[in-house]
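Heads up: the protein sequence lines correspond to chains F and W, in order.
Okay, so the first sequence: first residue is 18 according to this note's numbering, each after it adds one.
Okay, so the second sequence: first residue is 18 according to this note's numbering, each after it adds one.
Number of protein chains: 2
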Amino acid sequence: MQKLREGGFLVSKIKQVSGRIFDKKLREHQITDLNTGQGRIIFSLWQKDQVPISELVIQTALSKTTLTSMLDRLEQTEYITRKMDEKDKRKIIVSLTQKSKSLKEQYEAVSHEMISVFYEGLSEEEIDRFEKTLNHILLSLSKYEEDYK
Amino acid sequence: MQKLREGGFLVSKIKQVSGRIFDKKLREHQITDLNTGQGRIIFSLWQKDQVPISELVIQTALSKTTLTSMLDRLEQTEYITRKMDEKDKRKIIVSLTQKSKSLKEQYEAVSHEMISVFYEGLSEEEIDRFEKTLNHILLSLSKYEEDYK
DNA sequence: GTATTTTAGTACTATATAGTACTATTGTCA
DNA sequence: TGACAATAGTACTATATAGTACTAAAATAC
Chain F
18 MQKLREGGFL VSKIKQVSGR IFDKKLREHQ ITDLNTGQGR IIFSLWQKDQ
68 VPISELVIQT ALSKTTLTSM LDRLEQTEYI TRKMDEKDKR KIIVSLTQKS
118 KSLKEQYEAV SHEMISVFYE GLSEEEIDRF EKTLNHILLS LSKYEEDYK
Chain W
18 MQKLREGGFL VSKIKQVSGR IFDKKLREHQ ITDLNTGQGR IIFSLWQKDQ
68 VPISELVIQT ALSKTTLTSM LDRLEQTEYI TRKMDEKDKR KIIVSLTQKS
118 KSLKEQYEAV SHEMISVFYE GLSEEEIDRF EKTLNHILLS LSKYEEDYK
């Protein structure tokens, strides 16, 4: 008899609640024209700027169709720009604007606040182990999706 | 210097990828008119049926406005019914239909497949610890949201 | 070197998600 | 018991998310 597992269910719930809290915190910090979903894209670009959309598909785990419309909005609000890759004209290079670069410090303050709530009452060791497991699971899932598409 | 943490970012990505895989698996198992999001609500009702919407807010971690429209659709497709609570007329009691009850076995088969992918390569002990941490985090976040609303 | 396949991205459509503002019912307290 | 506050849910609106079907460019095969 297999034990009842509900990791996916728990992950969904955590994502839901933490997203709502994060959005509220962004607004409290006067960041009104950016939300959690868009933040994930900007966050990824802070790690590595000037990438094609296909790279963002990997880094954010969003589908490319989702990214197309989110990038539309981020372009409208001047957080990113798109330009064609001259070497490979199928590709679109996404870059951060000055506006989004100057937001980084403030955004990181919100992230730190959020992490405090998220990991409330857990030791550094527990957090390390937890994030190691998260990375492992994400890798398994991504491989699976890649293989079965 | 605080260590860089990205639990929330990882959770979002896992939710995204696992949701896409789960949706695909549902379709492979001929469950075409139900998706992951709706499944979360039905799953919750299998644990405890005939509950007001406010209870589903807690069990699914969705907002009540989200639930209103999702229940509309689930009612249309005859997975649930709504009736007024005679004792407290502000409340609406949500119940499973025969259709959703008879789906349970098949849905659980998909869940088990999904869990195999999700926890690929992890020991029972690691999974136990991981789910314990998830429950802890969900509790912290829910309390926080409750207190600051 | 053309034909085919693969890759990169978008348009369109449908559903998921949540916020704000609202109605109706119940609870509270002077 | 009547005014006010709290609770339960919905209507409306905006954005997030992804699937299907498409176009264009590059890579590959013969």
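Using N, Cα and C, we set each Cβ at its ideal position, and we do this for glycine too.
Note: V68 of chain W is bridge-paired with W:V111 in the DSSP secondary-structure output. DSSP, reduced to helix, strand and coil, places T94 of chain W outside both helices and strands of the structure shown, so it counts as coil. In the structure shown, the three-state DSSP call for K41 of chain W is helix. Annotated three-state conformation of K160 of chain W is helix, per DSSP. Interface annotation for the stretch 75-87 of chain W against chain F: T77, A78, L79, S80, criterion Cβ-Cβ distance under 8 Å.
For I48 of chain W, there is no enclosing alpha helix (DSSP H), since its DSSP letter is neither H nor E. Distance from the Cα of S71 of chain F is smallest, within the candidate group F:D50, F:T83, F:W63, for F:T83. Contacts with chain W at 7 Å (Cβ-Cβ) do not include I59 of chain F.
At least 7 Å separates the CB of S71 of chain F from every CB of chain W. Residues of the stretch 136-157 of chain W with a C-beta less than 8 Å from any C-beta of chain F: Y136, E137, G138, L139, E141, E143, I144, R146, F147, E148, T150, L151, N152, H153, I154, L155, S157, listed in chain order. Excluding five sequence positions before and after K100 of chain F, the CB atoms of its chain that fall closer than 8 Å to its own CB belong to I109, I110, S112, given in chain order. Between L158 of chain F and V34 of chain W, the beta carbon gap of about 4 Å places them in contact (Cβ cut-off 8 Å). Closer than 7 Å to the CB of V127 of chain W there is not a single CB belonging to chain F.
Relative to the Cα of R107 of chain W, the nearest Cα in the group W:L91, W:V68, W:L120, W:D145 belongs to W:V68.
No Cβ of chain F is located within less than 7 Å of the beta carbon of I48 of chain W.
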